[in-house]
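The sequence shown begins at 50 in my numbering and counts up by one. All C-beta atoms in this analysis are idealised placements derived from N, C-alpha and C, irrespective of residue type, glycine included. Because the structure is a prediction, the values reported are computed rather than measured. Below: the structure, in structure tokens.
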Amino acid sequence: MKKGTSMAKFTVPVRQGQELTTTVQDLTYEGMGVVKVDNYPLFVDNALPGEEVTVLVTRTNKQYGFARVTKRLTTSPDRVAGEFADYLQTGIAPLAHLKYSAQLQFKQDQVKHLFAAQHLDIPVLPTLPSPQQTGYRNKAQIPVQMINGTLTTGFFRKRSHHLVPLTDFFIQDPRIDEIIVTVRDILRDLDVTAYDERTRRGLLRHIMVRRGHTTGEVMIVLVVTRIVPMLKQAAQLIEKAVPDLTTLVWNVNAANTNVILSGDNQIISGPGYIEDTIGERRFKISPQSFFQINAAQTPRLYAIAQKLAEFTRHETVIDAYAGIGTIGLTIAPQVDHVYGMEVVPEAVADAEANKALNRIDNADYMVGTAEDVLPRWQQQGITADVLIVDPPRKGLAESFITTVGAMKIPRVIYVSCNPATLARDLVRFQALGYQATSPTQVVDMFPQTPHIESVTRLDLR
50 MKKGTSMAKF
60 TVPVRQGQEL
70 TTTVQDLTYE
80 GMGVVKVDNY
90 PLFVDNALPG
100 EEVTVLVTRT
110 NKQYGFARVT
120 KRLTTSPDRV
130 AGEFADYLQT
140 GIAPLAHLKY
150 SAQLQFKQDQ
160 VKHLFAAQHL
170 DIPVLPTLPS
180 PQQTGYRNKA
190 QIPVQMINGT
200 LTTGFFRKRS
210 HHLVPLTDFF
220 IQDPRIDEII
230 VTVRDILRDL
240 DVTAYDERTR
250 RGLLRHIMVR
260 RGHTTGEVMI
270 VLVVTRIVPM
280 LKQAAQLIEK
290 AVPDLTTLVW
300 NVNAANTNVI
310 LSGDNQIISG
320 PGYIEDTIGE
330 RRFKISPQSF
340 FQINAAQTPR
350 LYAIAQKLAE
360 FTRHETVIDA
370 YAGIGTIGLT
380 IAPQVDHVYG
390 MEVVPEAVAD
400 AEANKALNRI
410 DNADYMVGTA
420 EDVLPRWQQQ
430 GITADVLIVD
440 PPRKGLAESF
450 ITTVGAMKIP
460 RVIYVSCNPA
470 TLARDLVRFQ
480 ALGYQATSPT
490 QVVDMFPQTP
500 HIESVTRLDL
510 R
């Protein structure tokens with residue numbers, strides 16, 4: 050650049066409050082419509098590609114803006130008829146307005162796009178549909194607020210702490226929705242107040258309900274800031290009003306945090322856990338335990354992982370991010386030994402209990418992060434023929450992948466819930482000599498949402 054010249058100052062081509070008519074070009078990974086003005090993107094809820102819409106700009110910054118539809122001039126053939134505003138604006142079901150066949154294609158396309166962006170030449174198979182498209186979630190964590198002086202359940206509007214009142218959560222087990230309303234009404238009658246994060250006053254933070262898909266067992270957890278005498282009466286009324294209740298727990302969380310559950314569980318009735326099954330295995334599930342939320346689809350997900358692993362009953366398997374042992378204990382009869390690692394102590398305790406519950410003696414579990422435990426096992430001389438990873442959305446730590454390469458584990462089965470971090474991690478594995486030896490299978494574990502589960506096999510070359 051020559052002296053005395055300067056780059057032109059960028060000017061946002063739209064302003065807040067401006068209305069414009071345009072055509073939706075794309076969907077974001079989060080399921081929002083994308084329109085562009087002079088290449089400046091506006092993200093719009095409830096807008097599908099190809100639709101001509103009039104939108105009102107609601108917010109802008111230098112990179113992008115947000116808008117809402119004020120008039121729909123044309124309608125996409127992929128649009129589902131119905132009113133889904135509450136589910137879209139809260140993020141409960143951002144794809145509820147999109148036909149299910151189009152949701153499946155959208156998810157396959159997202160994985161393809163992310164792989165292509167990382168120059169990964171890995172085929173992506175069509176998305177495996179879920180047996181249930183609504184009412185499938187076996188767990189609910191519902192926030193509460195005082196609205197006009199009344200204890201109210203619902204879900205937060207996206208990018209806000211404003212609660213949208215709801216009683217039908219669409220993707221949750223309908224029995225869970227019924228229980229939430231029952232519990233809410235009992236607590237209303239007792240004048241229980243919702244915790245206010247601004248004033249740090251109030252008693253109730255969340256109502257959590259888990260229900261066994263195959264057993265029907267019910268766990269209710271009230272997340273409260275403290276124990277007060279009123280809760281004794283609440284417990285009696287809840288036990289009477291919910292005949293299928295298996296266990297009732299108070300989780301005491303007084304911290305100024307967005308973390309829903311603390312480590313302080315006080316069991317009021319029942320064993321403090323419920324049980325559910327995956328295939329032939331039965332599992333104990335505690336309040337903090339990770340358990341796949343779409344129980345009807347989970348056996349199919351695990352069957353894909355097992356098929357890709359090609360077990361011969363002679364393998365030593367490391368199950369990273371083991372949770373309560375659902376994958377490891379499912380495959381244990383097909384292999385020689387399973388070593389599992391999990392960072393949540395309560396989950397490891399459940400995994401050990403589940404091992405006994407299913408009479409499995411060839412699995413061992415350790416508390417710790419995957420990136421800490423794996424190097425220790427390497428030093429102890431523990432080796433593996435197959436590594437199974439099922440990490441959270443942030444994916445694998447780079448140090449963990451480095452250790453896998455140093456151990457020269459021949460086969461890796463990567464169960465992913467985030468294709469962006471999957472693509473990043475696959476590049477790192479490739480740099481260490483691993484190669485995908487089968488197409489990636491996308492599995493729809495979360496219908497009506499943009500969340501994407503997939504399974505990929507890697508082999509060391």
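Query, Result
"Taking the CB atoms as reference points, tell me whether residue 337 and residue 395 lie closer together than 7 Å.", "yes"
"First and last residue of the alpha helix (DSSP H) that includes residue 230?", "223 to 238"
"Can you tell me where the alpha helix (DSSP H) holding residue 454 begins and where it ends?", "447 to 456"
"I want to know whether the region 227 to 244 touches the region 267 to 283 - three or more CB-CB distances under 8 Å.", "yes"
"So who's on the other strand from residue 476, going by DSSP bridges?", "Residue 476 pairs with nothing; no bridge assigned."
"Within 10 angstroms of its Cβ, does residue 364 collect 16 or more other Cβ (buried), or is it exposed?", "buried"
"Have a look at the DSSP bridge pairing and note the partners of residue 60.", "For residue 60, which the question treats as bridged, DSSP gives no partner whatsoever."
"Can you give the Cα-Cα distance for residue 159 and residue 322, rounded to whole angstroms?", "37 Å"
"Starting from residue 395 and walking both ways along the alpha helix (DSSP H), at which residues does that stretch end?", "394 to 406"
"Tell me the residue span of the beta strand (DSSP E) that contains residue 380.", "Run containing residue 380: none in the beta strand (DSSP E); it sits in the alpha helix (DSSP H), 375 to 380."
"Taking only runs that begin and end inside the region 410 to 436, name each unbroken alpha helix (DSSP H) of 4 or more residues, in chain order.", "419 to 428"
"With a CB to CB cut of under 6 Å and the five nearest residues on each side skipped, what residues in its chain are close to residue 463?", "438, 505"
"For residue 331, name the three-state secondary structure that DSSP assigns.", "strand"
"Whether or not the region 243 to 257 and the region 170 to 185 are in contact is what I'm after, with contact meaning three or more pairs of Cβ atoms, one per stretch, closer than 8 Å; do they touch?", "no"
"Taking 8 Å as the limit between beta carbons, can you name the residues of its chain near residue 539, skipping five residues before and five after?", "Missing from the structure shown is residue 539; the chain here goes from 50 to 510 and no further."
"Buried or exposed: residue 58, going by 16 or more other Cβ atoms within 10 Å of its Cβ?", "exposed"
"Can you find the residues in the same chain that come closer than 6 Å, C-beta to C-beta, to residue 415, ignoring five residues on each side of it along the sequence?", "390, 422"
"Give the straight-line distance between the Cα atoms of residue 375 and residue 312, rounded to the nearest whole angstrom.", "22 Å"
"Around the C-beta of residue 259, are 16 or more other C-beta atoms found within 10 angstroms, so that it is buried, or is it exposed?", "buried"
"Mind the definition here: the region 353 to 364 touches the region 425 to 436 only if three or more C-beta pairs lie below 8 Å; say whether that holds.", "yes"
"Decide if residue 88 is buried, meaning its Cβ has at least 16 other Cβ atoms within 10 Å, or exposed.", "exposed"
"When you compare the region 344 to 359 with the region 482 to 502, are there three or more beta-carbon pairs, one atom per stretch, that lie closer than 8 Å?", "yes"
"Any idea which residues DSSP pairs residue 188 with across the strands?", "259"
"Count the other C-beta atoms from every protein chain shown that fall within 10 angstroms of the C-beta of residue 176, then say buried if there are 16 or more, exposed otherwise.", "buried"
"Using a threshold of 7 Å, state whether the C-beta atoms of residue 399 and residue 335 are closer than that.", "yes"
"Using DSSP with H/G/I as helix, E/B as strand and the rest coil, what is residue 494?", "coil"
"Around the C-beta of residue 502, are 16 or more other C-beta atoms found within 10 angstroms, so that it is buried, or is it exposed?", "buried"
"Per the contact definition of three or more C-beta pairs closer than 8 Å, is the region 137 to 154 in contact with the region 202 to 216?", "yes"
"Can you list, in chain order, the residues of its chain with a C-beta nearer than 7 Å to that of residue 124? Leave out the 5 residues immediately preceding and following it.", "100"
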